[in-house]
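Participant:
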Amino acid sequence: MTVSTSTNAPVDTALVRRVAIASAIGTTIEYYDFVLYASAAALVFDKLFFPAHDPLVGTMAAFATFFVGYLARPLGGLLFGHFGDRLGRKKMLVATLLIMGLSTVAIGLLPTYGAIGLWAPITLLLIRLLQGLGMGGEYGGGAVITIEHAPADRRGFYGSLVHIGTPAGVLLPTALLALFSAGMPEDQFLSWGWRLPFLASILLVAVGLYIRLRITESPSFQQLRRTDRPAAKPPLLQVLARHPKDVLLSIGAKLAESGLFNVYYVVAISYVTTQLDVAKSTVLVAVLIGCALECVTLPLFGALSDRIGRRRLYVFGALFQVVLAAPFFLLLGSTDPLLIGVAITLGLAVGHGAMYGPQCAFFAQLYPVAVRYTGLSLTQQVGATLGGGLSPLIATALLTAAGGAPWLVVAYMVVVALLSAVCALPLSAGERRRIETIG
Numbered sequence: 001m002t003v004s005t006s007t008n009a010p011v012d013t014a015l016v017r018r019v020a021i022a023s024a025i026g027t028t029i030e031y032y033d034f035v036l037y038a039s040a041a042a043l044v045f046d047k048l049f050f051p052a053h054d055p056l057v058g059t060m061a062a063f064a065t066f067f068v069g070y071l072a073r074p075l076g077g078l079l080f081g082h083f084g085d086r087l088g089r090k091k092m093l094v095a096t097l098l099i100m101g102l103s104t105v106a107i108g109l110l111p112t113y114g115a116i117g118l119w120a121p122i123t124l125l126l127i128r129l130l131q132g133l134g135m136g137g138e139y140g141g142g143a144v145i146t147i148e149h150a151p152a153d154r155r156g157f158y159g160s161l162v163h164i165g166t167p168a169g170v171l172l173p174t175a176l177l178a179l180f181s182a183g184m185p186e187d188q189f190l191s192w193g194w195r196l197p198f199l200a201s202i203l204l205v206a207v208g209l210y211i212r213l214r215i216t217e218s219p220s221f222q223q224l225r226r227t228d229r230p231a232a233k234p235p236l237l238q239v240l241a242r243h244p245k246d247v248l249l250s251i252g253a254k255l256a257e258s259g260l261f262n263v264y265y266v267v268a269i270s271y272v273t274t275q276l277d278v279a280k281s282t283v284l285v286a287v288l289i290g291c292a293l294e295c296v297t298l299p300l301f302g303a304l305s306d307r308i309g310r311r312r313l314y315v316f317g318a319l320f321q322v323v324l325a326a327p328f329f330l331l332l333g334s335t336d337p338l339l340i341g342v343a344i345t346l347g348l349a350v351g352h353g354a355m356y357g358p359q360c361a362f363f364a365q366l367y368p369v370a371v372r373y374t375g376l377s378l379t380q381q382v383g384a385t386l387g388g389g390l391s392p393l394i395a396t397a398l399l400t401a402a403g404g405a406p407w408l409v410v411a412y413m414v415v416v417a418l419l420s421a422v423c424a425l426p427l428s429a430g431e432r433r434r435i436e437t438i439g
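Written as structure tokens, this is what we have:
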């Protein structure tokens, strides 16, 4: 059943903002937890958990466990999406927050390879699986509950506020790692300094839990429960039976947004520190600037999508990244701190921002209320696994094959961005639906 919400219905703006902020804080915690591992994988985990003679081999092993976390995301999305479509969005958001946060604290307490040998990477792998489950269910719930509270003509803007949590969640752990790595000797950082940002996540979890317990359930979901009984068929089967084209195309459209984000962030850190011998603090500061600016550009792109359409802006972002791919590595190769900052800022704040800003509303419109949590989670998590989960591993392998030269990675970026642009074009059919029918 499709629930309709009139565009003339009164909207409690304060409530919408509160829900958007609650979702954004949850996304911040989500990416704080997950991105902190990505940073540590590039900077220290190859030495502490995956020692190898060749630094690139150790880095690839660390990125492989990064990918394992992504593998668990689709399962988490389907699990929490199923119950979120049956029991409500709010309950699942509390559960995913706790899983993500406590898993991150556990990594901060984990002994290294030097202390317990092979059990260190094995335990790290298991924690990453649990962390990925939580992340898989987090995004869909936060995005859906925000879109379903938002007024029809501002869903792009409010949806983009949820996504501010991504660069903010990158900014916080990156700032902490930059502070600790620059402010203490390397042996101390490798011994215990890297653990502090992981342990600090417990504070974010406490704040996020406090806020999430005080938001209301989606009005669309409440109306659905009052007017319709849950279908006998599980939400996943309903999505696959009724929306197979939307699922496949949106997954393809997701690849560049998720995959190239990790190139601008995870791969860039590894590349300039291991291949170009640039100081870690230099690239971390560049990432901080890029993320801070993306926190500004995301709501601008979200608001723009309310005026010109989600698809048009999304395709622009993909094509911009096609053009940016080669200059990105040329700027990194200069080893000049200013040019490195320009490269990462263009990638994050403009290329990624133009796709990520409208994405929440763009993809949510594809699925009806009864299966929206499941459908959006499926799109996001499979796309993120194939895009963001694989991109650091693929890029590192391509760098190894090319002897450290970046041109194979450039070709990979171009192909992925073009594929996402092509997949996004047919999704314009979703934008022609009456906007009130998605809430």
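Sequential numbering of the sequence shown, starting at 1, is according to the UniProt record's numbering.
Glycine included, C-beta positions come from ideal geometry on N, C-alpha and C.
1. Determine the closest residue to residue 208 out of 422, 243, 31 and 394, with distance taken between C-alpha atoms.
2. Are there three or more Cβ pairs, one per stretch, closer than 8 Å when the stretch 220 to 239 is compared with the stretch 76 to 89?
3. Which residue marks the beginning of the alpha helix (DSSP H) containing residue 119, and which one marks its end?
4. Hey, would you say residue 21 sits closer than 8 Å to residue 361, going by beta carbons?
5. Does residue 229 pass the burial test, meaning 16 or more other C-beta atoms within 10 Å, or should it be called exposed?
6. Compute the distance between the beta-carbons of residue 446 and residue 417, then report whether it is under 8 Å.
7. Grab me the residues of residue 38's own chain with a C-beta within less than 8 Å of its C-beta, minus the 5 sequence neighbours each way, in chain order.
8. Counting only runs that start and end within the stretch 19 to 98, where is the alpha helix (DSSP H) found for 4 or more residues in a row?
9. Roughly how many angstroms separate the alpha carbons of residue 294 and residue 348, rounded to a whole number?
10. From the DSSP output, in three-state form, read off residue 305 for me.
11. Would you mind working out which of 192, 97 and 26 sits nearest residue 130, comparing C-alpha positions?
12. Nearest to residue 179 by CA position, among 69, 102 and 284, is which residue?
13. For the alpha helix (DSSP H) holding residue 163, just list the boundary residues, first then last.
14. Going along the chain, which residues of its own chain have a beta-carbon closer than 7 Å to the beta-carbon of residue 142, five neighbours each way excluded?
15. Taking the C-alpha atoms as reference points, what is the distance between residue 406 and residue 16?
16. Excluding the 5 residues flanking residue 155 on each side, which residues of the same chain have their C-beta closer than 6 Å to its C-beta?
17. Is the stretch 69 to 78 in contact with the stretch 366 to 380, if contact means three or more CB pairs nearer than 8 Å?
18. Helix, strand or coil for residue 331 per DSSP?
19. When DSSP labels each residue in this structure, what does residue 246 get in the three-state scheme?
20. Buried or exposed for residue 174, please, with buried defined as at least 16 other CB atoms from any protein chain shown within 10 angstroms of its CB.
21. Does the separation of the CB atoms of residue 36 and residue 197 fall below 8 Å?
22. Reducing DSSP to helix, strand and coil, say where residue 458 ends up.
23. What is the DSSP secondary structure of residue 217, counted as helix, strand or coil?
24. Where does residue 273 land, buried or exposed, given buried means 16+ other C-beta within 10 angstroms?
25. CB residue 160 to CB residue 301, shorter than 8 Å?
26. Within the continuous alpha helix (DSSP H) that includes residue 184, where are the two ends?
27. Mind checking whether residue 270 and residue 387 have CB atoms under 8 Å apart?
28. Where does the unbroken alpha helix (DSSP H) through residue 372 begin, and where does it stop?
29. Is the shortest distance between the beta-carbon of residue 310 and the beta-carbons of chain B less than 8 Å?
30. Within 10 angstroms of the Cβ of residue 186, are there 16 or more other Cβ atoms? Answer buried if so, exposed if not.
31. Would you mind working out which of 51, 210, 396 and 71 sits nearest residue 18, comparing C-alpha positions?
32. Can you tell me where the alpha helix (DSSP H) holding residue 365 begins and where it ends?
33. Compute the beta-carbon to beta-carbon distance between residue 326 and residue 239, rounded to the nearest angstrom, for a pair I have assumed lies under 8 Å.
34. Does residue 233 come out as helix, strand or coil in the three-state DSSP assignment?
35. Could you check what DSSP says for residue 278 in three-state terms: helix, strand or coil?
36. Count the other CB atoms within 10 Å of the CB of residue 53; is the residue buried (16 or more) or exposed (fewer)?
Facilitator: Short version:
1. Locating residue 208 in the sequence shown gives position 208, where the first residue counts as 1. Residue 208 has its Cα closest to that of 31, out of 422, 243, 31 and 394.
2. yes
3. Your numbering for residue 119 matches position 119 in the sequence shown. Per DSSP, residue 119 belongs to the alpha helix (DSSP H) from 119 to 149.
4. Locating residue 21 in the sequence shown gives position 21, where the first residue counts as 1. Locating residue 361 in the sequence shown gives position 361, where the first residue counts as 1. For the pair residue 21 and residue 361, the CB atoms are not nearer than the 8 Å cut-off.
5. Translated into positions along the sequence shown, residue 229 becomes position 229. So residue 229 ends up on the exposed side.
6. Residue 446 falls outside the range modelled here, since the chain spans only 1 to 439, and no answer is possible.
7. Sequence index remark: in the sequence shown, residue 38 carries index 38 (1-based). Excluding positions up to five away in sequence, the list reads 66, 262, 265, 266 and 392.
8. 55 to 87, all fully within the stretch 19 to 98.
9. What you label residue 294 is simply residue 294 of the sequence shown in a count that begins at 1. What you label residue 348 is simply residue 348 of the sequence shown in a count that begins at 1. So the two alpha carbons sit approximately 6 Å from each other.
10. One-based indexing of the sequence shown puts residue 305 at position 305. Three-state result, residue 305: helix.
11. Mapped onto the sequence shown, residue 130 falls at position 130. Looking at the Cα atoms, 97 is the closest of the given residues.
12. Here residue 179 refers to the residue found at position 179 when the sequence shown is read from its first residue. With distances taken between Cα atoms, residue 179 lies closest to 284.
13. As a working mapping, residue 163 is identified with position 163 in the sequence shown. 155 to 163 is the span of the alpha helix (DSSP H), which, as asked, contains residue 163.
14. Locating residue 142 in the sequence shown gives position 142, where the first residue counts as 1. Counting only Cβ-Cβ distances below 7 Å, and skipping sequence neighbours, we find 23, 26, 27, 93 and 162.
15. Stepping through the sequence shown from its first residue, residue 406 is reached at position 406. Stepping through the sequence shown from its first residue, residue 16 is reached at position 16. Near 44 Å, if we compare the C-alpha coordinates of residue 16 and residue 406.
16. Counting from 1 along the sequence shown, the entry for residue 155 is found at position 155. Here the set comprises 147 and 361.
17. At 8 Å Cβ cutoff, the stretches touch.
18. Translated into positions along the sequence shown, residue 331 becomes position 331. Note: residue 331 maps to helix in three-state DSSP.
19. Numbered from its first residue, the sequence shown carries residue 246 at position 246. Residue 246: helix per DSSP, three-state reduction.
20. Stepping through the sequence shown from its first residue, residue 174 is reached at position 174. Classification of residue 174: buried, given that the 10 Å Cβ count is 16 or more.
21. By one-based count along the sequence shown, residue 36 stands at place 36. By one-based count along the sequence shown, residue 197 stands at place 197. Judged by beta-carbon spacing, residue 197 lies within the 8 Å limit of residue 36, meaning their Cβ atoms are closer than that value.
22. This structure cannot speak to residue 458, because the chain is shown only from 1 to 439.
23. As a working mapping, residue 217 is identified with position 217 in the sequence shown. Three-state DSSP puts residue 217 in coil, outside helix and strand.
24. Residue numbering aside, residue 273 sits at position 273 when the sequence shown is read from its first letter. The residue is buried, with at least 16 neighbouring Cβ atoms inside 10 Å.
25. As a position in the sequence shown, residue 160 is number 160, starting the count at 1. As a position in the sequence shown, residue 301 is number 301, starting the count at 1. Against a cut-off of 8 Å, the Cβ pair of residue 301 and residue 160 comes out as a contact.
26. Stepping through the sequence shown from its first residue, residue 184 is reached at position 184. From DSSP, residue 184 is part of no alpha helix (DSSP H); its letter is neither H nor E.
27. The count along the sequence shown starts at 1 and reaches residue 270 at position 270. The count along the sequence shown starts at 1 and reaches residue 387 at position 387. Result no, Cβ atoms of residue 270 and residue 387 do not sit closer than 8 Å.
28. Stepping through the sequence shown from its first residue, residue 372 is reached at position 372. Start and end: 372 to 384.
29. Looking for chain B here will not work: only one protein chain is present.
30. Position 186 of the sequence shown, counted from the start, is the residue given in the question as residue 186. Exposed, by the Cβ-count rule.
31. Here the question's residue 18 lines up with position 18 in the sequence shown. Closest by alpha carbon: 210.
32. As a working note, residue 365 is residue 365 in the sequence shown. No residue range can be given for residue 365, since it is assigned to no alpha helix (DSSP H) and is classified by DSSP as neither H nor E.
33. Within the sequence shown, residue 326 is the residue found at index 326, counting from 1. Within the sequence shown, residue 239 is the residue found at index 239, counting from 1. Not really, about 38 Å apart at Cβ, beyond 8 Å.
34. Residue 233 sits at position 233 when you count from the first residue of the sequence shown. Residue 233: coil per DSSP, three-state reduction.
35. The residue labelled residue 278 in the question sits at position 278 within the sequence shown. Three-state result, residue 278: coil.
36. Along the sequence shown, read from residue 1 onward, the residue named residue 53 stands at position 53. Note that residue 53 has pLDDT 49, beneath the 50 cutoff, so the model's placement of it is unreliable and the number below is only indicative. It is exposed - the Cβ of residue 53 has fewer than 16 other Cβ atoms within 10 Å.
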